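A quick write-up on the structure given underneath.
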DNA sequence: ACATATAAAATCGCTTGCAATTAAATTGCG
DNA sequence: CGCAATTTAATTGCAAGCGATTTTATATGT
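Chains as they are written, first to last, in this note's numbering: chain A, 6 to 154; chain B, 6 to 154.
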């Protein structure tokens, strides 16, 4: 007799959102451990990666890249400002924009990021091709979900 | 002259963690919209899916399934208790365990979940095979990251 | 029996994430 | 020009999420 409920094979989308949720938590946990010696949270590190790619971005530009809004970014950037990683200043051309810039300290951390990313790549135990495929599939999924929201 | 920084091609692991982060946010946003009429948050829905599969689980069993610890689950389950979705009771055999059970209301919501999952599947614009592959890759990645944390 | 170790959940303090709202600057259009 | 609509950040209030610690219950060793 089967005493369990009838849902021994949960639906595919349930399995997918479980997997996505858990993979993201696992990723953030790995980064958290690696970033602790640098006194950085995962979100702060994501913001730094955005700025390392291109400095002096407005709050909304950073938000567009990370899919975060000002309610999340403003306090986060204030903490990064207090920690001496970035500066925030109103743009002179358009005072609505707050331009976020790396400090020397924020820029210097980039050289330490290589070791972190190497460690994550190593822990993933995946080939470059596998990770590339996964990235492409995730981006496709995200774009579809964002379009049809 | 190239005035941008030298990081026009960020490292693969950076791209991957951006994609994973953004895909998870997009997924939770889609669910949030769909779950709002049911007065459920995404996390609460994940817990319900765990209990629909098998009822009467301890806090730590739910936590193992979702990779969440008691510091996250205790307040979450209290809110679900207050909303009348689950009950929480100390196990009689081992009073250290708190057993979480669905109420009639929590059980009834399952019939409404089908429409939610159909909508997510539709919004994903992916085939069953694609989503299955993605789920497998994410699970593999998570397992590797958890092992080598 | 009793101290010690282990296990499960709860608690505290903090950061993240978002919906809804507000404030200020800019744009556009009569 | 004048003024409504739009854009950008900030603010508020709430729900996750977790490291560190505490509380309570059970297991283990001598």
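All residues carry an ideal CB built from backbone N, CA and C; glycine is no exception. This one's a predicted model, so the numbers in the text were calculated from it and none came from an experiment.
At what residues does the alpha helix (DSSP H) containing residue i begin and finish?
i: residue 145 (chain B); result: 133-152
Alpha carbon to alpha carbon, what distance is there between residue j and residue i?
i: residue 69 (chain B); j: residue 119 (chain A); result: 32 Å
i: residue 30 (chain B); j: residue 129 (chain B); result: 14 Å
i: residue 146 (chain A); j: residue 131 (chain A); result: 20 Å
i: residue 54 (chain B); j: residue 19 (chain A); result: 8 Å
i: residue 124 (chain A); j: residue 79 (chain B); result: 33 Å
i: residue 61 (chain A); j: residue 113 (chain A); result: 16 Å
i: residue 39 (chain B); j: residue 50 (chain B); result: 11 Å
i: residue 74 (chain B); j: residue 65 (chain B); result: 7 Å
i: residue 140 (chain A); j: residue 94 (chain B); result: 43 Å
i: residue 57 (chain A); j: residue 105 (chain A); result: 12 Å
i: residue 28 (chain A); j: residue 110 (chain A); result: 31 Å
i: residue 85 (chain A); j: residue 91 (chain A); result: 6 Å
i: residue 137 (chain B); j: residue 144 (chain A); result: 16 Å
i: residue 10 (chain B); j: residue 17 (chain A); result: Confidence at residue 10 (chain B) is low in this model, with a pLDDT of 42, below 50, so the placement of that residue should be treated as unreliable; the coordinate-derived value is given next. About 42 Å.
i: residue 12 (chain B); j: residue 115 (chain A); result: Bear in mind that a pLDDT of 44 at residue 12 (chain B), under 50, signals an unreliable position, so the model cannot answer this.
i: residue 126 (chain A); j: residue 142 (chain A); result: 18 Å
i: residue 59 (chain B); j: residue 117 (chain B); result: 18 Å
i: residue 72 (chain A); j: residue 108 (chain A); result: 24 Å
i: residue 63 (chain B); j: residue 48 (chain A); result: 31 Å
i: residue 87 (chain A); j: residue 37 (chain B); result: 33 Å
i: residue 26 (chain B); j: residue 89 (chain B); result: 32 Å
i: residue 52 (chain B); j: residue 67 (chain B); result: 7 Å
i: residue 23 (chain B); j: residue 35 (chain A); result: 14 Å
i: residue 121 (chain A); j: residue 153 (chain B); result: 14 Å
i: residue 103 (chain B); j: residue 133 (chain A); result: 44 Å
i: residue 150 (chain B); j: residue 83 (chain A); result: 31 Å
i: residue 32 (chain A); j: residue 135 (chain A); result: 16 Å
i: residue 76 (chain B); j: residue 148 (chain A); result: 33 Å
i: residue 21 (chain A); j: residue 81 (chain A); result: 30 Å
Going along the chain, which unbroken runs of the alpha helix (DSSP H) with 4 or more residues stay wholly within the stretch 40-118 of chain A?
47-58, 64-71, 75-87
Using 8 Å as the threshold, is the stretch 97-111 of chain A in touch with the stretch 32-43 of chain A, meaning 3 or more CB pairs across them?
no
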